Amino acid sequence: MLIVLHHWATEKDVAQIKKIIARHGLRPVAIPGAERTAVGVVGNQGYIDDTPFRDLKAIYEIIHVTKPYKLVSRDFHPADTVVKLGRSVKVGGKSPLLMVAGPCAIEGREQIFKTARFLKKLGVPVLRAGAYKPRTSPHSFQGMRDEGLRLLDEVRKEVGILVVTEVMSPEHVGLVAKHVDILQIGARNMQNYDLLNEVGRTSKPVVLKRGLSATVEEWLSSAEYILLAGNPNVILCERGIRTFETATRNTSDLSIIPLVKGISHLPVIFDPSHATGKRALVPPMAL
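If you're matching positions, the sequence shown starts at -9 in my numbering and goes up one per residue.
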């Protein structure tokens, strides 16, 4: 439920509404606006009876939100969210085009430093590289793990480039957050709710990749976990979905990007590498 206040409503009015919401075992979320202030209500498992609010003069209107996600919805937050990466890089809204590049996995010191310096020279602000690699086969390379994490920390400090890497378990969040600038939740972990809650307790920007077979509702609901835990710095990433097509690694669901941007205020980026699985297709898909 969304409670919209009159433009003349005071802080005392907002406090009164929050108190009533909390009294009913729900959580109030203040949503300041350019013209009006609103208070969102989260924590309900069904319809919310708005009777306790009807006679409050400061209330302009009450909107019942039926979506399973609320904080990520434009119903609760009409304006675009702009996520700040480091000191000067931004993504979302009218921010400049953001480019993120780098190897799938860290394979050694020379490789990662050479790549980072090359990207820095090109003006690419963010290096992506996997220290921990979830693989379909247990026999495949699982990444350099802790050693790879230390290399990422070194490269971001020495080269001066922002670093994003995947975190795979709740127990690793604190450690990984100390060594990188941006946390990534991979497609296979999109519905790892303990992990989502844990990254939600940090203030680090989080790239949330869409699951292989996830619907928009499931994807946004996963983002809701992160915001509900307290972290608003979420970046959605479309990386292709699994279909019957075998000519490419995945099927790029590009239509979903404008659709999601229409119903959610969170920034959306696209991963053409995982979406296609073919080097020659990455540049044209990135355009």
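Think of the CB as a built atom: it goes at the ideal place given N, C-alpha and C, for glycine as much as any other residue.
Please read all numbers here as calculations on a predicted model, not as lab measurements.
What span of residues does the beta strand (DSSP E) with residue i cover, start to end?
| i | result |
| --- | --- |
| His74 | Looking at the sequence shown, residue 74 is not His but Lys. Per DSSP, Lys74 belongs to the beta strand (DSSP E) from 73 to 75. |
| Tyr289 | For residue 289 there is no data in the structure shown, the boundaries of the chain being -9 and 277. |
| Gln174 | 172 to 175 |
| Gly30 | 28 to 32 |
| Thr155 | 152 to 156 |
| Leu117 | 116 to 118 |
| Lys80 | 79 to 81 |
Residue i by DSSP, collapsed to three states: which one?
| i | result |
| --- | --- |
| Leu256 | coil |
| Pro93 | coil |
| Gly15 | coil |
| Glu228 | strand |
| Arg140 | helix |
| Ser245 | coil |
| Val178 | Checking the sequence, you will find Arg at residue 178 rather than Val. Note: Arg178 maps to helix in three-state DSSP. |
| Leu61 | coil |
| Leu46 | coil |
| Lys104 | helix |
| Ile7 | helix |
| Leu109 | helix |
| His129 | At His129 the pLDDT is 45, less than 50, meaning the model places this residue with poor confidence and gives no usable figure here. |
Among the candidates the options, whose CA atom is the shortest distance from the CA of residue i?
| i | options | result |
| --- | --- | --- |
| Leu186 | Val116, His162, Glu100, Gly113 | His162 |
| Leu(-5) | Ile21, Arg13, Phe234, Leu16 | Ile21 |
| Val145 | Lys110, Ser211, Lys194 | Lys110 |
| Asn179 | Ser159, Ile247, His255, Lys147 | Ser159 |
| Ala237 | Tyr183, Lys268, Tyr215, Lys60 | Lys268 |
| Gly120 | Ile172, Gly150, Lys147 | Ile172 |
| Arg64 | Asn34, Met(-9), Pro86, Met134 | Met(-9) |
| Asn221 | Lys194, Trp209, Val206 | Lys194 |
| Val116 | His54, Asp40, Leu88 | Leu88 |
| His(-3) | Lys74, Ala28, Phe234 | Ala28 |
| Ala48 | His14, Gln6, Leu75, Asn34 | Gln6 |
| Arg191 | Met134, Ala219, Asn34 | Ala219 |
| Ile259 | Gly98, Glu235, Gly230, Phe234 | Gly230 |
To the nearest angstrom, how far is the alpha carbon of residue i from that of residue j?
| i | j | result |
| --- | --- | --- |
| Gly92 | Gln101 | 10 angstroms |
| His129 | Val153 | Caution is warranted here: a pLDDT of 45 is assigned to His129, below 50, making its placement in the model unreliable, and no coordinate value can be reported. |
| Thr241 | Ala(-1) | 49 angstroms |
| Thr155 | Gly83 | 24 angstroms |
| Arg232 | Gly164 | 32 angstroms |
| Val72 | Pro257 | 7 angstroms |
| Ala265 | Ile38 | 41 angstroms |
| Leu139 | Gly23 | 40 angstroms |
| Ser263 | Asp243 | 13 angstroms |
| Lys104 | Glu137 | 17 angstroms |
| Ser203 | Arg77 | 35 angstroms |
| Val62 | Gly113 | 31 angstroms |
| Val4 | Gly176 | 39 angstroms |
| Leu226 | His54 | 25 angstroms |
| His169 | Glu188 | 16 angstroms |
| Met275 | Leu46 | 53 angstroms |
| Gly36 | Gly15 | 13 angstroms |
Hey, quick one: how far does the alpha helix (DSSP H) through residue i stretch, first residue to last?
| i | result |
| --- | --- |
| Leu210 | 206 to 218 |
| Leu(-5) | Counting along the chain, Leu(-5) falls outside any alpha helix (DSSP H), though it belongs to the beta strand (DSSP E) covering -8 to -5. |
| Lys168 | 163 to 169 |
Is residue j closer than 8 angstroms to residue i when the C-beta atoms are compared?
| i | j | result |
| --- | --- | --- |
| Ile10 | Pro58 | no |
| Leu198 | Ser211 | no |
| Gln174 | Val157 | yes |
| Tyr50 | Arg26 | yes |
| Ala106 | Ile52 | no |
Consider the Cβ of residue i: report whether some Cβ of chain D lies at a distance smaller than 8 angstroms.
| i | result |
| --- | --- |
| Ala5 | Annotation note: the requested chain D is absent from the structure, which comprises a single protein chain. |
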